[in-house]
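Line by line, the protein sequences give chains A and B. At position 46 of the first sequence the residue is numbered 52 (this note's numbering), and the sequence of numbers has no breaks. At position 123 of the second sequence the residue is numbered 726 (this note's numbering), and the sequence of numbers has no breaks. Written below as structure tokens is the structure these notes are about.
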Amino acid sequence: MKIENEDALDDLIICHQCHTLHEEVPIQDGSKALCRECGTVLYRYDSKLIDHGLALSLTALIFFALANLFPIVKIELLGHEQFITIPKTFMTLFEQGFYIVGLLCAFLIFLFPLMVFTLYTAVFLLLKLRRGRQLTKELLVLLSYALKWNMSDIFLISILVALVKLIGYAQIDMGVAFWALLVYVAIDIYLTKQIHLSEIWMLRKRIYEEQER
Amino acid sequence: MKELKEDAVVRCPVCEAVNLKKGQKMQCRRCDAWIETDPKVSLSKSWAYLITAMIAYIPANLYPMLITKQFGTTQESTIIGGVLQLWEHGSYPIAAIIFFASIMIPILKFLILIYLLISVKYPIGKDRKINKHKLYYMTELAGPWSMIDVFVVAILAALIHLSHIEIIAGTAATAFALSVFFTLLAAHAFDESLIKENR
Chain A
7 MKIENEDALD
17 DLIICHQCHT
27 LHEEVPIQDG
37 SKALCRECGT
47 VLYRYDSKLI
57 DHGLALSLTA
67 LIFFALANLF
77 PIVKIELLGH
87 EQFITIPKTF
97 MTLFEQGFYI
107 VGLLCAFLIF
117 LFPLMVFTLY
127 TAVFLLLKLR
137 RGRQLTKELL
147 VLLSYALKWN
157 MSDIFLISIL
167 VALVKLIGYA
177 QIDMGVAFWA
187 LLVYVAIDIY
197 LTKQIHLSEI
207 WMLRKRIYEE
217 QER
Chain B
604 MKELKEDAVV
614 RCPVCEAVNL
624 KKGQKMQCRR
634 CDAWIETDPK
644 VSLSKSWAYL
654 ITAMIAYIPA
664 NLYPMLITKQ
674 FGTTQESTII
684 GGVLQLWEHG
694 SYPIAAIIFF
704 ASIMIPILKF
714 LILIYLLISV
724 KYPIGKDRKI
734 NKHKLYYMTE
744 LAGPWSMIDV
754 FVVAILAALI
764 HLSHIEIIAG
774 TAATAFALSV
784 FFTLLAAHAF
794 DESLIKENR
């Protein structure tokens, strides 16, 4: 492989699973390029990436707000009604003195999930307005860290496991927030699978280069 | 025009941009993140996190994970105790999930990371057949699922606190959460480009 200058490195991509070096080739709208060694998706091309991304991340934010404001589950135990919300889950840990676990949970199931989609929305919005070249860079760096630590999907499964443990002891009612969380997790999985961060970086480069001309 | 070889480039761990290798510590040309190309640093960081995680895993198994206070009697259950209890109650799927998430995945992850860390430094002839990239990718994917047990304890503790029935998290919850946290850090610190086989 040959390159002329540092800028030409942007036409290269290293597979994130097997570290094979590839040269990027233009592909059709809506299709994807696979690694020749291990078959992992290297990149996709979507001409409406900003609009798709913005729509999905805004929807996710709305559902995340719903998931936090309303009870996830209500149970009736010995005539007493109890419910939990996402903030209440880690606040109880704080009240019981489990500060480390409480802090970890607060970050993993509340702060990072919130950050991921706030950052996605901000980045896509800035790219759509063609503004904030430096700011998008910093937001994207932050996003790459937040994405690794978003555990809302695992929290969703944990709710189900916890409820199965309670079957037979208490009457269980699913709250609105549970379904909102389900939608949020579905969008989260879809978005992180469909849109690689490197595609947003490439889009950012194209947009601001056009602007400079 | 410049000839480019595969080991002359490095992928930025933050933004995935392809960079030319320039010395041991360099900044990514796209996102300015620091890229460490010295294998020693990544290996010793990974070892340090992994050893911390393994130490934290010991109290996680010895101390109670869940304390149930019911009409004056207190019942404590450890991770393994909880799994056995669920199995006896007949909730086999849940027992299996907890067993996989809290016992199988952490231990497998320790073993796989130890194997990877040793094998990138001292390659043995036979392990060329094992797809280490896939192995690493699987641990990366399965790792966070160990948190299930901690979340379940948090949910139960938040949900059940009546005057005569109460569930409280145990000491093991802290130890276990820290153990999972440090295993994740160890996996993130490991530099995959050190794996040279299966190209």
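From the three backbone atoms N, C-alpha and C, an ideal C-beta is built for every residue, glycine too. Remember, predicted model here, so these are calculated numbers, not experimental data.
Look up residue i in the DSSP assignment and say whether it is helix, strand or coil.
| i | result |
| --- | --- |
| Thr-26 of chain A | coil |
| Met-668 of chain B | coil |
| Asn-801 of chain B | Model confidence at Asn-801 of chain B stands at a pLDDT of 46, short of 50, so the residue's coordinates are unreliable; what they give is reported in the following sentence. Asn-801 of chain B falls in the coil class under three-state DSSP. |
| Ile-213 of chain A | helix |
| Ala-176 of chain A | strand |
| Lys-628 of chain B | strand |
| Lys-199 of chain A | helix |
| Leu-125 of chain A | helix |
| Arg-139 of chain A | helix |
| Glu-743 of chain B | helix |
| Leu-765 of chain B | coil |
| Glu-795 of chain B | helix |
| Val-47 of chain A | strand |
| Gln-34 of chain A | coil |
| Gln-102 of chain A | coil |
| Ala-39 of chain A | strand |
| Leu-719 of chain B | helix |
Could you tell me the boundaries of the alpha helix (DSSP H) in which residue i lies?
| i | result |
| --- | --- |
| Trp-155 of chain A | Run containing Trp-155 of chain A: none; DSSP gives neither H nor E here. |
| Gln-678 of chain B | Unbroken run through Gln-678 of chain B is the beta strand (DSSP E), 676-680; no alpha helix (DSSP H). |
| Leu-220 of chain A | Only positions 7 to 219 of chain A appear in the structure, and residue 220 of chain A is not among them; the question remains open. |
| Ile-638 of chain B | Segment 637-639 is the beta strand (DSSP E) holding Ile-638 of chain B; no alpha helix (DSSP H) there. |
| Ile-697 of chain B | 695-702 |
What residue range does the beta strand (DSSP E) around residue i cover?
| i | result |
| --- | --- |
| Phe-89 of chain A | 86-90 |
| Val-783 of chain B | Val-783 of chain B -> not in any beta strand (DSSP E); alpha helix (DSSP H) instead, spanning 774-792. |
| Phe-734 of chain B | Residue identity differs from the one stated: residue 734 of chain B is Asn in this sequence, not Phe. Premise fails: Asn-734 of chain B is in no beta strand (DSSP E) and is neither H nor E. |
| Val-617 of chain B | Val-617 of chain B -> no beta strand (DSSP E), and no H or E assigned at all. |
| Val-79 of chain A | 79-83 |
Does any C-beta atom of chain D lie closer than 8 Å to the C-beta of residue i?
| i | result |
| --- | --- |
| Trp-207 of chain A | Included in the structure are the protein chains A and B, with no chain D among them. |
Short check: CB of residue i to CB of residue j, under 8 Å?
| i | j | result |
| --- | --- | --- |
| Ile-682 of chain B | Ser-705 of chain B | yes |
| Ile-697 of chain B | Val-170 of chain A | yes |
| Ile-193 of chain A | Asp-159 of chain A | no |
| Val-613 of chain B | Leu-18 of chain A | no |
| Val-79 of chain A | Ile-165 of chain A | yes |
| Tyr-49 of chain A | Arg-139 of chain A | no |
| Ala-775 of chain B | Met-668 of chain B | yes |
| Val-686 of chain B | Ile-701 of chain B | yes |
Can you round the beta-carbon distance between residue i and residue j to whole angstroms, since I take them to be within the 8 Å contact cut?
| i | j | result |
| --- | --- | --- |
| Glu-639 of chain B | Gly-773 of chain B | Between Gly-773 of chain B and Glu-639 of chain B the Cβ distance is about 38 Å, and since that is not below 8 Å, they are no contact. |
| Val-182 of chain A | Phe-69 of chain A | Val-182 of chain A to Phe-69 of chain A, Cβ: 11 Å. No contact. |
| Leu-716 of chain B | Ala-651 of chain B | Not a contact, Cβ separation roughly 12 Å. |
- Query: So does the region 142-161 of chain A actually touch the region 116-131 of chain A, counting three or more Cβ pairs closer than 8 Å?
  - Reply: Yes: the two stretches touch, three or more of their Cβ pairs being nearer than 8 Å.
- Message: Using a Cβ distance threshold of 8 Å, determine whether the region 98-112 of chain A contacts the region 753-764 of chain B, with at least three qualifying pairs required.
- Response: Judged by Cβ distances under 8 Å, the region 98-112 of chain A makes contact with the region 753-764 of chain B, as three or more pairs qualify.
- Inspect the CB distances between the region 781-797 of chain B and the region 658-665 of chain B and report whether three or more fall short of 8 Å. By the criterion of at least three beta-carbon pairs nearer than 8 Å, the region 781-797 of chain B is in contact with the region 658-665 of chain B.
- Task: Give a yes or no on contact between the region 699-717 of chain B and the region 741-749 of chain B, applying the rule of three or more CB pairs nearer than 8 Å.
- Result: With the cut-off at 8 Å, the region 699-717 of chain B and the region 741-749 of chain B touch.
- Query: Quick one: any contact between the region 121-130 of chain A and the region 97-107 of chain A, if contact means 3 or more CB pairs under 8 Å?
  - Reply: The region 121-130 of chain A is not in contact with the region 97-107 of chain A.
- Task: Mind the definition here: the region 167-187 of chain A touches the region 47-60 of chain A only if three or more C-beta pairs lie below 8 Å; say whether that holds.
- Result: The count of Cβ pairs closer than 8 Å, one atom from the region 167-187 of chain A and one from the region 47-60 of chain A, stays below three, leaving the stretches out of contact.
- Query: Do the region 74-90 of chain A and the region 204-218 of chain A make contact, defined as three or more Cβ pairs closer than 8 Å?
  - Reply: The answer is no - the region 204-218 of chain A does not touch the region 74-90 of chain A, with fewer than three Cβ pairs under 8 Å.
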